[in-house]
Amino acid sequence: MTQQELAPPGLQLEGVSKQFDSGEAPVRAVNDVALTVDHGEFIALLGPSGCGKTTTLRLIAGFERVDAGAIDINGTLVANSSVHLPPERRRVGMVFQEYALFPHVSVLANIEFGLRRMAATEKRARTGEILELTGLAGLEGRMPHELSGGQQQRVALARALAPNPALILLDEPFSNLDAGLRARVRAELGNILHAAETTAIFVTHDQEEALSLVDRVAVMLNGSVEQVASPHELYTNPATRSVAEFIGDANFLPGVGHGDTIECELGILATRKQIHGQVDILLRPENIELLAAQPGRPAARVRHSLFFGHDQLITVQLPTGTYLTARLGPSDAYEPDLPLRVAVRSPVIAYPRWY
Amino acid sequence: MRGENGSPAPSRRSIAFQVLRKAYLSGSPGSEREVTRLKVHSYFGILFRGLVLLISLAMLLPLAYLLFRAGGVGWTELLGLMGRTRMLPIMWNSLLLICGVTTLSLALALPFAWLTERTDLPGRKIWTVLAMMPLVIPSYVGGFTLIAMFGPRGVLQELLSPFGVERLPSIYGFTGALWVLTLFTYPYIFMSIRAGLHRFDPSLEEAARSLGYNGLQTFLKVTLPNLRPAITTGGLLVALYTLSDFGAVSLLRFNSFTRAIYVQYLSSFDRNVASLLSLALIVFTIILLLLERNSRGRGRPRYYRSSVGVSGPRKRIELARRKWPALAFCTAVVMAALVLPTGVILYWLVRGLASGESLAPVWAATLNSFRAGALAAVAAAILGLPVAYAAVRMGGRLMSLAARAVYLGYGLPGIVIALSLVFFGANFAPWLYQTLWILVFAYVVRFLPQAMGAMQISLLQMNPRLEEAGRSLGLGNRAVFRRITAPIVRPGVLAGMALVFLTTVKELPATLLLSPTGFSTLATQIWSATDEAFFTRAAAPALVLLAMSAISIFLVLMQEEREVVSG
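Chains A and B, in that order, are what the protein sequence lines are. FYI, the numbering for the first sequence is 0 to 354, going by numbering that gives the first Met the number 0. FYI, the numbering for the second sequence is 0 to 566, going by numbering that gives the first Met the number 0.
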């Protein structure tokens, strides 16, 4: 490994594993996770519930000990199988799912909680700055239970930001807000974190949240990080079949790869990457076109349709029996049993089939 | 119409149930159909309200009589009495004992609760049960075990006498009372703190850790402030218990209020002195009760987890090598509060049996205790049901006031009720004085609220809609009562009766003062045998009582569980 004059990454996880002994069998919550977050970057850790993303966060914060692997924050080792820096010495700010505001003290005291080593004037300046940044000025005298959900969330963020941490971790920060509030708070949070220029990771199970808020998303499935990429890359070029299934809607069609092309029921399709043998082709609903059937050739039939107004989902059955769902504009109406021809926008992505 | 087409078979139902049912029919909030029924029963309704009022007034009698007596004392006389009763030293003693017991209890309960609830202490479930078990030991039995262990002619003295130890430092007075009351009341704080810790959101601690506070600083700055309500509630319970306890302080001869009242009652014929002391005790009790209410009801936020959103099981603090001192602490507390007392009782029991101590008096005392307990339980059911019903189902200021009056007896120290009834009986009802009936009455005044609590829970579960559902499913009036009302209310009534029975068997001060001559119960036998240092005679009744007490605590805990579930 070469250690150059490059700034060390804000966070680096290498081969991090953690298992819990729950009753009979130990559960592998986090399995050989590798992740690098650049200094000042804001990334999302996205995965379904139970995939180990919260445990990963707790390992980074120091609330859990790693079984194997290493965690570095700004180039400093904070945890491996023999080292465990206690949470209070990691300079990691945490925004909890339920905010965990101290109910017995005011908003100001909550924010000042991590500033006890500062001189009084310095402290006052810092809290003023943070209150300004988070838009909480004027609320500092309130008790936490006197705040709305969105305000509580901002206090939690302000409290975590105040001591100027090396890293901010946010655990499902929007799950406690109602849908209307969520979009607004999300935008606010993005702005605040951007202004604070802190390295930040937020955990979520909500794709829309992850894809719309950050530059890079780490997809975590069954305890492993399967892909780290930009939202666009994740959606259009998922690294694995599981990622493709988890992000967005996906149809899979069996085929046989011949290098640059794949032979399947819909004909010969161009691929993005060379592939050989039995494959599953990923077809996003919006990449499927439904055209008028050609006389004399076996046709696909409309089986089911859901009309949403701005678009509609049409499920067709191919002559071999496979179902495909297409997302189409609202202009055409599709009657049940209508014969159709299915076309696909290529190039397509395919995954080798190993079952 | 669902008026009177079938009333329940009178012979097969207890009177209490009929009262309840009649009352229910007359009192449920009126829909259109029910208006006619109300008319039919309005006569009964008035009668029923009268009955409830009468019961609650009877429960107020001891307090009223005390006030009446004290009202006859003039101001100058009062000042003289203050001096003669040595009121100030007694107050000081009580205050000292309360502070001592509460502080020491907290010192035992806080670490114990924290260890069992938040750490990976080995065997923490067993430790939790063991920590609560000392509640089973009534204070005078605790006093007996302390004296039988460390007192003159106690176990330790006998063990040490071959080594030339003639006298042990005296355990009588403050030290002994402090120890006994602490060891047998700390579970109140323990349970309260445990519940508080259970509600406490551990992510608050994690938040503090991530803000740069180490384990101890986090505990002091975050955990402890959030436990304050639980500590206050538990502490005030202990303080109230200490203030009203008679058994331990009288056996250990510490001159706090209750003992001073008893001594006055025994030695002088000046009722005014005893009355005045009783009133002062009541004032103290009220202050504590008000503090307790304040601590719960301030408009402050209630500290609890906003929701259970934490993934996976709660993280416990790893004790690692610290588990050895932790285990030593738990063992020491359990040894002192549970193992040693039981051991001492068994020791003296075996010695007594070996030296041919007869068990006949124990048998007689057990029968007497059971008889008094059973009478009190039945009386509490009969008197409690109408009041419980009125509190739950009937509106109106008068009825809720009546129900609250009944609860007053719960706050009064037993010795005060007993003393007031002694004076009342001797002056106004000689035909009642020195009978079992006045004793049973005292029990009912003290323990009716316990029965009512259990009954009210059942009655609250008895939603009127359930009966209407039964009717709509084709059940007649009688069938609705038999298959819906009675089965729902019955467990509460039975639980209430069982509770009254068991607490009555344990009761000491009223039994001591109001028992008819020659009527000896388990409690009085233990008390007098200990007072006269006949430890072998106290052992067998103490053992019987411990068993009974264990059952009663179990019932209370079950009841609380139900309360939590239904509330």
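Just so you know, even glycine gets a beta-carbon here, dropped at the ideal spot from N, CA and C. Since the model is a prediction, treat every value here as computed from it, not as a measurement.
Return helix, strand or coil for residue i, following the three-state DSSP convention.
| i | result |
| --- | --- |
| residue 117 (chain A) | coil |
| residue 557 (chain B) | helix |
| residue 50 (chain A) | coil |
| residue 284 (chain A) | helix |
| residue 331 (chain A) | coil |
| residue 340 (chain B) | helix |
| residue 18 (chain B) | Because the pLDDT of residue 18 (chain B) is 36, which lies under 50, any placement of that residue in the model is unreliable, and the question is left without a value. |
| residue 61 (chain B) | helix |
| residue 306 (chain A) | strand |
| residue 11 (chain A) | strand |
| residue 260 (chain B) | helix |
| residue 132 (chain A) | helix |
| residue 95 (chain A) | strand |
| residue 60 (chain A) | helix |
| residue 321 (chain A) | coil |
| residue 276 (chain A) | strand |
| residue 455 (chain B) | helix |
| residue 252 (chain B) | coil |
| residue 292 (chain A) | coil |
| residue 347 (chain A) | strand |
| residue 469 (chain B) | helix |
In whole angstroms, what separates the C-alpha of residue i from that of residue j?
| i | j | result |
| --- | --- | --- |
| residue 108 (chain A) | residue 309 (chain A) | 49 Å |
| residue 157 (chain A) | residue 148 (chain A) | 14 Å |
| residue 497 (chain B) | residue 150 (chain B) | 35 Å |
| residue 512 (chain B) | residue 406 (chain B) | 22 Å |
| residue 45 (chain B) | residue 391 (chain B) | 17 Å |
| residue 95 (chain B) | residue 257 (chain B) | 14 Å |
| residue 549 (chain B) | residue 387 (chain B) | 27 Å |
| residue 285 (chain A) | residue 325 (chain A) | 6 Å |
| residue 10 (chain A) | residue 273 (chain A) | 34 Å |
| residue 456 (chain B) | residue 553 (chain B) | 18 Å |
| residue 568 (chain B) | residue 367 (chain B) | Because chain B in this structure spans residues 0 to 566, residue 568 (chain B) falls outside the shown range and cannot be described. |
| residue 106 (chain B) | residue 230 (chain A) | 56 Å |
| residue 130 (chain A) | residue 192 (chain A) | 14 Å |
| residue 318 (chain A) | residue 8 (chain A) | 53 Å |
| residue 426 (chain B) | residue 65 (chain B) | 13 Å |
| residue 306 (chain B) | residue 333 (chain A) | In this predicted model, residue 306 (chain B) has a pLDDT of only 39, less than 50, meaning its place in the structure is not dependable; the value taken from the coordinates is given anyway. The straight-line gap from Cα to Cα measures roughly 46 Å. |
| residue 31 (chain B) | residue 109 (chain B) | Because the pLDDT at residue 31 (chain B) is just 32, under 50, the model does not fix this residue reliably, and the value given afterwards should be weighed accordingly. Going by the C-alpha atoms only, they are around 57 Å apart. |
| residue 413 (chain B) | residue 51 (chain A) | 59 Å |
| residue 336 (chain A) | residue 322 (chain A) | 13 Å |
| residue 355 (chain A) | residue 221 (chain B) | Since the first and last residues shown for chain A are 0 and 354, residue 355 (chain A) lies out of range. |
| residue 320 (chain B) | residue 557 (chain B) | 36 Å |
Once the 5 residues before and after residue i are set aside, which same chain residues still bring their CB inside 7 Å of it?
| i | result |
| --- | --- |
| residue 97 (chain B) | 238, 241, 242 |
| residue 100 (chain B) | 177, 180, 181, 184, 237, 241 |
| residue 443 (chain B) | 375, 378, 379, 382 |
| residue 235 (chain B) | 287, 290, 291, 294 |
| residue 185 (chain A) | 173, 208, 212 |
| residue 53 (chain A) | 170, 202 |
| residue 132 (chain A) | 191, 194, 195 |
| residue 294 (chain A) | none |
| residue 46 (chain A) | 52, 204, 218, 219, 220 |
Once the 5 residues before and after residue i are set aside, which same chain residues still bring their CB inside 6 Å of it?
| i | result |
| --- | --- |
| residue 275 (chain A) | 256 |
| residue 336 (chain B) | 133, 182 |
| residue 356 (chain B) | 535 |
| residue 252 (chain B) | 171 |
| residue 267 (chain A) | 260 |
Closer than 8 Å, CB to CB, is residue i near chain C or not?
| i | result |
| --- | --- |
| residue 206 (chain B) | In the structure shown, chain C does not exist; the protein chains are A and B. |
What residues in its chain sit with their C-beta under 8 Å from that of residue i, if we drop five residues either side in the sequence?
| i | result |
| --- | --- |
| residue 91 (chain A) | 59, 60, 61, 72, 164, 165, 166, 167, 168 |
| residue 63 (chain A) | 17, 54, 57 |
The stretch 515 to 524 of chain B touching the stretch 328 to 343 of chain B, judged by at least three CB pairs closer than 8 Å: No, the stretch 515 to 524 of chain B is not in contact with the stretch 328 to 343 of chain B.
In chain order, each alpha helix (DSSP H) run of at least 4 residues that lies wholly inside the stretch 512 to 537 of chain B: 521 to 530
Stretch pair the stretch 325 to 343 of chain A + the stretch 289 to 308 of chain A: three plus CB contacts closer than 8 Å: yes
Any 3 or more C-beta pairs closer than 8 Å across the stretch 151 to 160 of chain B and the stretch 75 to 84 of chain B: no
Secondary structure, beta strand (DSSP E): runs of 3+ residues fully inside the stretch 179 to 260 of chain A: 198 to 203, 215 to 220, 223 to 228
Stretch pair the stretch 239 to 248 of chain A + the stretch 74 to 85 of chain A: three plus CB contacts closer than 8 Å: The stretch 239 to 248 of chain A is not in contact with the stretch 74 to 85 of chain A.
Contact the stretch 417 to 424 of chain B vs the stretch 478 to 487 of chain B: 3+ CB pairs below 8 Å: no
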